[in-house]
Amino acid sequence: MTWDDEPPVTAVKQLQNSVSALRERLGDTAQRLIRTESTGYLIRVGEQDLDSLRFAAGVAESRRSAAEGRLERGVREIRTALGLWRGTALEGLGTAALARSAARLDEQRLGALELSVTWRMELGEHHEVADDLAGPGHDHPLRETLHMRWMEALVHCGRRADALQVFHRLRTRLAEELGVDPGPDVRRLHEQILRGERPRARPDRGTRGVHRVPVTRQPWSLAPPVPRQLPQTVRDFIGRTDHLAALDALLPPAGGRAVVISALDGSGGVGKTTLAVHWAHRVQGRFPDGTLHTNLRGYGPGRPAHPDEVLDDFLVALGVHPAAVPAGTGARSGLFRTLAAGRRILIVLDNAHSAEQVRPLLPGAPGCMVVVTSRDSLTGLVVTEAAHRLTLDVLSPSEALALVVGIIGPHRARAEPAAVESLIQLCARLPLALRIAAGRAAAYEQVSVADIVAELAEEDSRLDALSWGQDPYAAVRNVLAWSYEQLTIGQADLFRRLGLHPGPDISTPAAAALAHRPPGETRQLLNALADAHLIEPAAHDRYRFHDLLRAYAEELAGEHDAEDQRRHALDALLTWYSHTAHTADRRLYPTCTRVVTTVAAPDHPLPVADRDAAWAWFTAERANLIAALHHAVDRTMDDHALDLVDALGFLVLMGGWEERVDSAAAGLRAARRSGRTEHEANALLARGEALAHLQHPDAQADLADACRLAQDSGNVHIQIAARVELGQLLRRQTRFVEAQHHLDEARLLSRGFDTGRWEAVAEGHLAALHGDLGNHHQAIDCGTRSATLRRRLGDTDGEACALAAIAVGWQGIGDHDTAIVHCRRAIALGRASLGSQEETLAGPLTVLATSLHALGRVNEAVDCWQEAASIYTDRGLDADAATLHHHIRTADRPPALPGSRSVRTRRPQAGPAGSSERAAGVVGDA
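The letter at position 297 of the sequence shown is residue 297 when you use our numbering, and the numbering goes up by one with no holes.
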């Protein structure tokens with residue numbers, strides 16, 4: 001029984017009456033099923049007695065069948081599991097606590113349904129799928145993956161018009177209810193249908209062979225395209241002929257001997273970014289290996305971008321798997337220089353703060369060119385890096401005139417030449433001011449240029465009277481103040497609210513939260529501000545400020561909005577970020593236990609359909625989430641800070657270990673300030689895990705403190721996770737006795753806790769540890785228990801790792817045939833893995849190669865080593881790959897003794913645990 005508020009005074013009596021009635025209904029007169037304990041009641045339910053467990057087991061079994069190539073059997077099993085459902089979960093029990101559980105169960109059902117129809121289409125059941133999805137499609141009008149499968153099935157049935165109608169309904173509902181467009185995958189499918197193309201072919205019933213389970217590919221698993229990262233250029237670029245020629249003259253010739261660096265400096269609003277981006281668009285065809293661009297945020301909201309953050313993005317753009325991005329600025333910078341060597345890449349580093357920020361981002365070999373913009377003169381780059389300095393001033397009179405004429409049109413310019421000249425003088429020939437003022441004239445033909453000049457002159461006098469100083473670039477403020485007064489009330493409110501945003505750019509849904517408006521209405525206001533040149537589009541449905549405009553908007557918010565209004569707006573924004581981050585986090589890690597179990601819902605929640613959508617959202621919002629966390633901590637908005645830090649596990653998947661340390665430290669400040677021991681333990685666990693990955697000596701202290709505080713607060717989950725992390729850390733340090741103590745404690749705590757996942761994790765790590773110690777029979781026992789639990793949970797990734805650990809044990813006692821059987825089962829699961837294949841596939845392949853080699857099956861062993869080495873190389877695990885290449889070179893030599901470490905590399909793990917479950921690609925979340 002649950003109550004949303006405080007339980008009534010009759011709660012105990014109600015509970016006793018309900019239990020009595022339930023026992024009578026179940027025929028449990030002997031009280032064997034429902035037992036009375038000192039603290040309450042305990043019901044003992046077998047796996048076959050609870051439909052949710054039968055459903056989960058059925059889905060897990062279907063995944064296993066599909067992974068082994070028995071797709072038809074997998075379809076039968078998953079449809080049987082879905083057949084257990086009768087309506088929505090926990091229907092009629094409407095308390096908030098049960099509603100959350102019901103939502104989780106319904107999400108599992110929809111995920112299984114989507115998997116089922118995907119497999120059935122693999123088997124050619126397009127007509128049946130098209131008919132079967134009509135009901136779920138109408139019941140879940142905002143679920144994009146479901147609609148994609150429906151559209152694909154309809155097209156394969158020749159019902160193209162119906163497929164287009166499905167898309168139209170989806171797009172309309174998303175726009176009306178959420179103010180967003182369908183995601184890129186749905187739009188791409190729609191475009192294919194419009195062109196008359198069929199979606200990717202599905203095998204026909206009569207021609208299918210052995211099927212493999214469909215695997216959702218992450219963006220980095222495909223061959224990376226040549227990066228072209230430049231933002232859009234302005235259509236009416238005018239002048240700067242001398243600067244363009246100077247940049248052209250710096251283009252590196254083929255066979256040049258050095259990297260060419262151009263440092264483009266000048267005051268705010270003078271047009272540095274516009275010039276750099278315009279020129280880069282003109283010449284990027286000369287750089288066939290790509291164009292990289294970043295905003296270093298040297299003069300803007302929040303903190304300047306750290307070189308590590310930029311290098312992460314550049315390395316991934318150049319094809320490095322996020323998990324393979326090395327730790328530390330030096331290692332990242334070195335890898336970037338290695339990848340850039342021998343290539344011709346154009347790199348635009350916009351809005352730099354200092355030479356120190358830029359240096360790690362410079363390639364080292366000739367052929368590349370770097371353009372840096374900054375308000376700083378960057379003398380350090382000129383002196384030490386031989387950068388060519390170009391200083392940008394205001395436009396010349398002729399350039400300024402050409403810019404205004406290009407915006408308002410030659411006819412109006414000829415009609416009011418004196419007013420145009422006055423406009424240019426009032427704007428001090430600054431491009432930013434000229435674009436805003438002339439853009440206003442172009443937008444309202446009924447308003448003359450002379451009218452605008454008169455308004456600007458009046459504004460100029462008012463500002464002078466207020467003693468705004470003798471800054472020669474005060475014209476920008478003059479134009480901004482005048483332009484702000486032309487806005488409608490709604491536009492002005494949104495402009496001020498945008499000044500409160502802590503990150504480098506903002507999406508329409510986030511702006512809607514900040515402004516307390518529906519997304520559709522907010523989009524119209526954002527477009528109006530963009531038309532007025534007060535913000536600029538950054539990408540689809542995303543906008544950014546010029547840093548001067550952002551500072552002005554923040555200043556206006558301080559003048560016009562009360563402190564409680566500003567804090568209320570910021571509270572709404574942080575609520576939106578926290579809620580969306582937790583929604584996306586649960587798509588990436590659906591079985592992971594969290595401290596923050598409920599997050600307040602914003603007025604307009606953003607749906608996150610699946611893992612791909614979650615990954616895309618985290619990628620787009622990474623800098624904003626970090627900025628939002630620090631903003632919350634700096635303003636003592638500790639509830640928001642703790643909500644956010646608990647949903648930033650995605651950083652480790654992106655290789656952002658230093659960011660994870662930094663964000664966890666910020667969360668630790670908030671937790672200690674608010675006196676929340678449980679959250680303090682959680683932050684220490686996150687920081688300790690990241691420090692352990694970075695091999696930092698403070699990792700052990702953080703993990704030990706996390707364990708102690710978790711014990712004090714009674715949080716079993718954090719106790720287990722911290723002990724598992726300590727066990728892993730100590731095992732890597734070959735402190736096996738201490739490692740076993742912590743893993744034994746974790747196993748003891750995990751028995752009967754949660755779903756059994758933590759017990760499986762602890763058993764798996766103990767199996768690996770016993771393998772290290774040569775306790776082969778114990779390794780087999782622990783590994784078998786882990787594999788059994790993983791199988792029951794449907795955790796195919798964890799099962800693959802456990803099977804490989806068992807195989808190592810059999811190798812140790814010389815039974816290679818049995819080891820091979822376990823390895824092949826592990827490899828079948830690993831090939832279908834959505835997780836970290838260096839553990840789920842490369843590990844079992846390496847163990848298999850060891851046994852094959854020991855039995856004299858050298859060619860087969862070499863094939864396994866080669867495949868495993870390619871996976872390690874792809875993940876940046878060069879030392880492991882080098883070990884396997886050594887095995888390949890020496891494969892014709894006699895094998896080492898069974899169990900010898902010389903014939904295998906990374907020992908199979910049980911699958912990461914706790915926070916590190918996230919680091920390894922969500923083992924346990926297949």
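Glycine included, C-beta positions come from ideal geometry on N, C-alpha and C.
One thing to note: residue 723 has its Cβ within 7 Å of the Cβ of residue 707. DSSP places residue 169 in the uninterrupted alpha helix (DSSP H) bounded by 160 to 178. Contact between residue 573 and residue 496 is ruled out by a C-beta separation of about 13 Å, above the 8 Å threshold. Ranked by Cα distance from residue 775, the first of 808, 803, 22, 86 is 808.
DSSP places residue 270 outside both helix and strand once states are collapsed to three, so it counts as coil. Within a 10 Å sphere around the beta-carbon of residue 372 sit 16 or more other beta-carbons, which makes this residue buried. Judged by their CB atoms, residue 794 and residue 60 are nearer to each other than the 7 Å cut-off. Leaving aside the five residues that flank residue 318 on each side, the residues in its chain whose CB is nearer than 6 Å to its CB run, in chain order, 339. If you check the CB distance, residue 683 and residue 667 come in under 7 Å. The DSSP-derived three-state label of residue 484 is helix. In this chain, the alpha helix (DSSP H) harbouring residue 489 covers 489 to 498. If you draw a 10 Å sphere on the C-beta of residue 259, you find 16 or more other C-beta atoms in it, and that means buried.
With respect to residue 269, residue 432 sits close: the two C-beta atoms are nearer than 7 Å. Membership of residue 349 in the beta strand (DSSP E) is indicated by the continuous run 346 to 352. As a beta-bridge residue in DSSP terms, residue 35 pairs with 42. The beta-bridge partner set that DSSP reports for residue 76 is empty. For residue 571, the secondary structure class from DSSP, reduced to helix, strand or coil, is helix. Under the DSSP assignment, residue 369 falls outside any alpha helix (DSSP H), being part of the beta strand (DSSP E) whose first and last residues are 369 to 374. In the DSSP assignment, residue 263 is bridged to 372, 389. Between the C-alpha atoms of residue 298 and residue 822 there is a straight-line separation of about 55 Å.
Cα atoms of residue 17 and residue 23: separation of roughly 10 Å, rounded to the nearest angstrom. Residue range 379 to 384 is occupied by the alpha helix (DSSP H) that includes residue 379.
Residue 295 is bridged by DSSP to 350. Per DSSP, residue 136 is one residue of the alpha helix (DSSP H) stretching across 134 to 139. Apart from the 5 residues on each side of it in sequence, residue 426 sits with its Cβ closer than 6 Å to the Cβ of 456 in its chain, given in chain order. Close CB contacts of residue 106 within its chain, under the 7 Å cut and outside five residues either way in sequence, are with 88, 89 (chain order).
Taking the Cα of residue 376 as reference, the smallest distance to any Cα among 32, 353, 392, 386 is reached at 353. At least 7 Å separates the beta-carbon of residue 792 from that of residue 799. Looking at the DSSP output, residue 536 shares a beta bridge with 544.
With 16 or more other CB atoms across the displayed protein chains lying within 10 angstroms of its CB, residue 740 is buried. With 16 or more other CB atoms across the displayed protein chains lying within 10 angstroms of its CB, residue 643 is buried.
Taking residue 418 as the centre and dropping the five residues before and after it, the same chain places no C-beta closer than 7 Å to its C-beta. Between the alpha carbons of residue 187 and residue 488 lies a gap of roughly 34 Å. The Cβ atoms of residue 533 and residue 439 sit closer than 7 Å to each other.
Segment contact: the region 534 to 546 against the region 596 to 612, fewer than three CB-CB distances shorter than 8 Å; contact not assigned.
If you draw a straight line from the Cα of residue 806 to the Cα of residue 138, it comes to about 47 Å.
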